[in-house]
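Residues 99 to 387 (this note's numbering) are what the sequence shown spells out, left to right.
Comments concern the structure below.
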Amino acid sequence: MTESSAFFITEMVSRMNCAGKKLDLSTPQVMGILNVTPDSFSDGGRWSATDAAIAQAELMVEQGAAIIDIGGESTRPGAPAVTEADELARVIPVIEALAPRLAVPISIDTSKPAVMRAAVAAGAGMVNDVMALQANGALAAAAELAVPVCLMHMQGSPRTMQADPQYDDVVAEVGEFLNARVGAAIEAGVVADNILLDPGFGFGKTLAHNYALLSGLERLRGDFPLLVGMSRKSMLGNLLGKPVDQRLHAGLAAATIAVMKGAAIVRTHDVAETVDALKVCAAAKPQNN
Ligand code: 9MG
């Protein structure tokens, strides 16, 4: 990680190959969230049926999403664990149906190596792992699949992470963790150009930790594209005292700040609005003249 406050990506990869589909990172991009869980915190399970999920994904692409992130296990605080079989049954039919229809890549949000493998075989082109490949066999699966992989920071596990998160310097400790996971991934055979990093907003962090992380995000800029996800999260709701359906404006502010501090991809439920916000960020990129 560098102390640089430069803007956007400078020397890292600006285009990723997601199993044959391109992800252009020369300007900030939106990753649309497609939860296919009955217990999703943000959509109440409205999109758990395959047809509805397909329609939602197509809408997000029309609205400008550069990649769709499909998840079958909720990672919200306290969410119950899902078996491998249930997770596969939720995500694979959706990926199989969507992959031939979408021009943009599909990301699989999972920590389970068997789900990573089945998802990529079904047409996914990226792995989004909130456990940063720490599950047994996940490093080997990521190396073998050779698709981009997002390594996210979390303190604890989704079931316990908000109990009592502790840091001396949250930005430094998140950076150290991510550096260590990059080392482990590269040692396992993951290609450096296939690595993205994510500080994991809301994953084992208090409100103060989340805002310290957002404030210091530029300290995490370095050799790897940064992905951030704050859409509709408690760090917005608890600050404002607003329920999940009234967090759009705060989410756009947070996304804009993150991009101005170097984020390459914003993971969001609110694609159309976030695409507009990121276009403003891109237009305000410092010029040479
Ligand atoms: C699955 N998931 C939920 N929140 C997330 C976040 O902030 N980043 C990433 N990469 N995945 C997330």
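Cβ atoms here follow ideal geometry from the backbone N, Cα and C, with glycine treated the same way.
Cβ shell of residue i (< 7 Å), same chain only, five flanking positions each side left out
i: Pro175; result: Pro256, Met259, Gln260
i: Val128; result: Gly162, Ala163, Ala164, Val364, Thr366, Val369, Thr372, Val373, Leu376
i: Thr173; result: Val228, Pro256
i: Ala233; result: Ser209, Lys210, Pro211
i: Val378; result: none
i: Leu200; result: Ala155, Val159, Ile166
i: Val288; result: Ala240, Ala241, Val247
Beta-carbon proximity list for residue i, same chain, < 6 Å, skipping 5 on both sides
i: Val272; result: His251, Pro297
i: Pro211; result: Gly235, Ala236, Ala239
i: Val268; result: His307, Ala310, Leu311
i: Val111; result: Asp291
i: Ala220; result: Ile190, Ile193, Glu194
i: Thr304; result: Pro263
i: Ala222; result: Ile193, Ile204, Ile206
i: Gly169; result: Asn133, Asp207
i: Glu171; result: Val180, Glu185
beta-carbon residue i near ligand 3 non-hydrogen atom, thresh 7 Å
i: Cys379; result: Summarising the ligand content, the structure contains ligand 1 and does not contain ligand 3.
Simplified DSSP state of residue i, which is helix, strand or coil
i: Leu312; result: helix
i: Asp149; result: helix
i: Arg345; result: coil
i: Asp291; result: helix
i: Thr366; result: strand
i: Lys186; result: According to the sequence provided, residue 186 is Leu. The question's Lys does not apply to it. Helix, per DSSP.
i: Met229; result: coil
i: Val128; result: strand
i: Val213; result: helix
i: Val218; result: helix
i: Asp296; result: strand
i: Val245; result: coil
i: Thr100; result: For Thr100, the pLDDT reaches just 47, beneath the cut-off of 50, and the residue's location in the model is therefore unreliable, although a value from the coordinates is still provided. Coil, per DSSP.
i: Ser138; result: The pLDDT assigned to Ser138 is 49, lower than 50, so where the model puts this residue is not dependable, and the model offers no usable value.
Bridge partners - residue i, DSSP secondary structure assignment
i: Ser332; result: None, per the DSSP bridge assignment.
i: Ser205; result: Asp167, Met224
i: Asp122; result: Arg113
i: Asn133; result: Gly169
i: Gly327; result: Arg365
i: Asp158; result: For clarity, residue 158 is Met in the given sequence; the question names Asp instead. In DSSP, Met158 forms no bridge with anything.
i: Met358; result: The partner list for Met358 (beta bridge, DSSP) is empty, contrary to what the question assumes.
Beta-carbon separation (whole angstroms), residue i vs residue j, contact threshold 8 Å
i: Thr148; j: Pro198; result: Rounded, the Cβ-Cβ distance is 14 Å, inconsistent with contact.
i: Leu123; j: Pro323; result: 5 Å
i: Met229; j: Ser209; result: 4 Å
i: Glu316; j: Gly360; result: 5 Å
i: Ile166; j: Leu121; result: Not confirmed; about 11 Å, so no contact.
i: Leu186; j: Ile152; result: Rounded, the Cβ-Cβ distance is 18 Å, inconsistent with contact.
i: Ala362; j: Pro178; result: Not a contact, Cβ separation roughly 32 Å.
i: Ser72; j: Gly300; result: This structure cannot speak to residue 72, because the chain is shown only from 99 to 387.
Own chain partners of residue i with C-beta closer than 8 Å, once the 5 adjacent residues on each side are dropped
i: Ala286; result: Leu231, Leu237, Ala238, Ala240, Ala241
i: Leu249; result: Asp227, Ala230, Leu231, Leu276, Arg279, Val280, Ala283, Ile293, Leu294, Leu295, Asp296
i: Val218; result: Ala117, Ile206, Val225, Leu243, Val245
i: Lys340; result: Leu334, Ala348
Exercise for the section: Could you name each continuous alpha helix (DSSP H) segment of 4 residues or more that falls completely within the segment 253-284, going from the start of the chain to the end? Expected result: none
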